[in-house]
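Engineer:
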Amino acid sequence: MRPLEDVRVISLEQYGAGPFGSLHLADLGADVIKIEDPRTGGDVGRYVPPYAEGEDSLFFETFNRNKRSISLDLTAPAGRQVFEDLVRHGDAVYSNLRGDVPAKMRIRYADLAPVNPAVVCCSLTGFGMTGPRATQPGYDYVLQGLAGWMALTGEPDGPPAKSGLSLVDYAGGLVAAIALLAGVHAARRDGRGMDCDLSLYDTAVTMLTYPGTWHLTAGFTPVRTRHSAHPSLVPFQAFRASDGWLVVGCAKEKFWQRLAALLDADTGTALAADARFATFDARRNHAAELLDILGRAFLTRPVGAWLAALTPAGVPCGPVNDVAAALTDPHTAARGLVVETGHPAFGTVRQLASPVRVGDDPVRYRRAPRRHEDAADVLGELLGYDSARVAALTDNGAFGP
15 MRPLEDVRVI SLEQYGAGPF GSLHLADLGA DVIKIEDPRT GGDVGRYVPP
65 YAEGEDSLFF ETFNRNKRSI SLDLTAPAGR QVFEDLVRHG DAVYSNLRGD
115 VPAKMRIRYA DLAPVNPAVV CCSLTGFGMT GPRATQPGYD YVLQGLAGWM
165 ALTGEPDGPP AKSGLSLVDY AGGLVAAIAL LAGVHAARRD GRGMDCDLSL
215 YDTAVTMLTY PGTWHLTAGF TPVRTRHSAH PSLVPFQAFR ASDGWLVVGC
265 AKEKFWQRLA ALLDADTGTA LAADARFATF DARRNHAAEL LDILGRAFLT
315 RPVGAWLAAL TPAGVPCGPV NDVAAALTDP HTAARGLVVE TGHPAFGTVR
365 QLASPVRVGD DPVRYRRAPR RHEDAADVLG ELLGYDSARV AALTDNGAFG
415 P
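Residues 15 to 415 in this note's numbering are what the sequence shown spells out, letter by letter.
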């Protein structure tokens, strides 16, 4: 059995953040039943360009493999009835909606405890269910600005910049998945479920980590650094080589000593014996002089030559790859990070595996579901509805017009 085969999640999720969290649960074997609103054509992620055909998109495939789908109109009494039957058979109700929407939809624990006292109601919202922003929609880009991330990203003399990936969304999904698993564990132990109130805002602010601690405790003011340099460790940044960029980091004194010895031998510098660079504090205090020396040294060779020298010397380093190079790196292949599923519209879909690894059993991959594709299994096998019951629910609008 897969680690989570005994966990069932009833999911009202959409787009990226919520589906990214439940994706890892599904890869671990959880039965994630994705409820899609037939009035809006289901999850909006189905229609994200440029690789979209009808109700299928490669964006949707990325976040929804190994899940099941059923169209259900929760505003219709018949649809609500089916939903509550699913809740009776589920461990958790999982959603990523605006902060005031779970209460309006009656999907919080107080609403569902009469149906299943042990259900865990896990809501990932933009700003949480309390506070002055609770009713605002939360998007990754907006949150990167609000939480201070953009003030820290980019060159000092350039504009604020966001991360090239939606890291608030993805981190928020992982936070929600952790909370859901903790809630299910506690509910099985105690026999009583609960609400889990997660937010992208909380996630983004918490991820300020030690710069936040430095500011709150010692008044530190974070600033953008040239070439993505670490705020206190020198050198730890991107350097330009003759044909591209590489990252070199000396997070321990031994790494600096190795780098200094290599550069002294190869480029004629005199770094190892220079008192200005002998310690972490000394290098930070003389960062301008040191980085000028290193910058000129790294320009003398291509990236490949530097990696060939730095790697065996034990200096932490790596190339600044483009996406194509990252996906074809030999280590990517060795770790099995590219997986394949078959799809009726896209043929073979190659995408990325979950990094969550539990045990040695290989993960089985099923493509993302077409909308309402799993209705027969969910309604018949799980809920025990016969054809007459399904027909009556259909006539009463449970599955849409």
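All residues carry an ideal CB built from backbone N, CA and C; glycine is no exception. Values in this document were obtained by computation on a predicted structure and should not be read as measured data.
Give me the Cα-Cα distance between residue 129 and residue 149, rounded to the nearest whole angstrom.
Structural biologist: 27 Å
Engineer: With three or more beta-carbon pairs closer than 8 Å as the criterion, would you say the region 253-264 touches the region 314-321?
Structural biologist: Between the region 253-264 and the region 314-321, the count of C-beta pairs closer than 8 Å reaches three or more; the two stretches touch.
Engineer: Do residue 161 and residue 168 have their CB atoms nearer than 9 Å?
Structural biologist: Against a cut-off of 9 Å, the Cβ pair of residue 168 and residue 161 comes out as no contact.
Engineer: Tell me whether residue 379 sits in a helix, a strand or coil according to DSSP, three-state version.
Structural biologist: coil
Engineer: When DSSP labels each residue in this structure, what does residue 192 get in the three-state scheme?
Structural biologist: Residue 192: helix per DSSP, three-state reduction.
Engineer: How would you write the range of the beta strand (DSSP E) that residue 333 sits in, first residue to last?
Structural biologist: 331-333
Engineer: Going by DSSP, name the residue or residues bridged to residue 365.
Structural biologist: Answer by DSSP bridge pairing, in chain order: 353.
Engineer: Should the region 124-140 be called in touch with the region 48-62, which here means at least 3 C-beta pairs below 8 Å?
Structural biologist: No, the region 124-140 is not in contact with the region 48-62.
Engineer: Would you mind sorting residue 276 into buried or exposed? The rule is 16 or more other CB atoms within 10 Å of its CB.
Structural biologist: buried
Engineer: Distance check for residue 83 and residue 384, CA to CA, integer angstroms please.
Structural biologist: 7 Å
Engineer: Which parts of the region 35-80 are runs of the alpha helix (DSSP H), unbroken and 4 residues or longer, counting only runs that do not cross its ends?
Structural biologist: For the region 35-80, whole alpha helix (DSSP H) runs of length 4 or above, ordered along the chain, are 72-78.
Engineer: Kindly indicate which three-state DSSP category residue 272 falls into: helix, strand or coil?
Structural biologist: In the three-state reduction of the DSSP assignment, residue 272 falls in the helix class.
Engineer: What runs of the alpha helix (DSSP H), each 4 residues or longer, lie entirely inside the region 262-321?
Structural biologist: 267-281, 294-299, 301-312
Engineer: How far does the alpha helix (DSSP H) with residue 97 in it reach, from first residue to last?
Structural biologist: In this chain, the alpha helix (DSSP H) harbouring residue 97 covers 91-102.
Engineer: Helix, strand or coil for residue 105? Go by DSSP, reduced to three states.
Structural biologist: coil
Engineer: Counting pairs of beta carbons, one from the region 21-29 and one from the region 104-121, are three or more of them closer than 8 Å?
Structural biologist: yes
Engineer: Let me make sure I understand the geometry here. Which of 352, 191, 70 has the alpha-carbon closest to that of residue 338?
Structural biologist: Closest option to residue 338, Cα to Cα, is 352.
Engineer: Pick from 30, 70, 199, 120: whose alpha carbon is nearest that of residue 381?
Structural biologist: For residue 381, the nearest C-alpha among the options comes from 70.
Engineer: Taking the DSSP output, what are the residues bridged to residue 22?
Structural biologist: 45
Engineer: Within this structure, are the beta carbons of residue 183 and residue 216 separated by less than 9 Å?
Structural biologist: Residue 183 is not a Cβ neighbour of residue 216, given a cutoff of 9 Å.
Engineer: Going along the chain, which residues of its own chain have a beta-carbon closer than 8 Å to the beta-carbon of residue 293, five neighbours each way excluded?
Structural biologist: 267
Engineer: In three-state terms, what does DSSP make of residue 221?
Structural biologist: coil
Engineer: Where does the unbroken alpha helix (DSSP H) through residue 28 begin, and where does it stop?
Structural biologist: Counting along the chain, residue 28 falls outside any alpha helix (DSSP H), and DSSP gives it neither H nor E.
Engineer: Determine the burial state of residue 372: buried for a count of at least 16 other Cβ atoms within 10 Å of its Cβ, exposed for fewer.
Structural biologist: exposed
Engineer: On the three-state DSSP scale, how would you describe residue 371?
Structural biologist: DSSP places residue 371 in coil when its eight states are reduced to three.
Engineer: So, with DSSP's three-state summary, where would you put residue 247?
Structural biologist: Residue 247 falls in the coil class under three-state DSSP.
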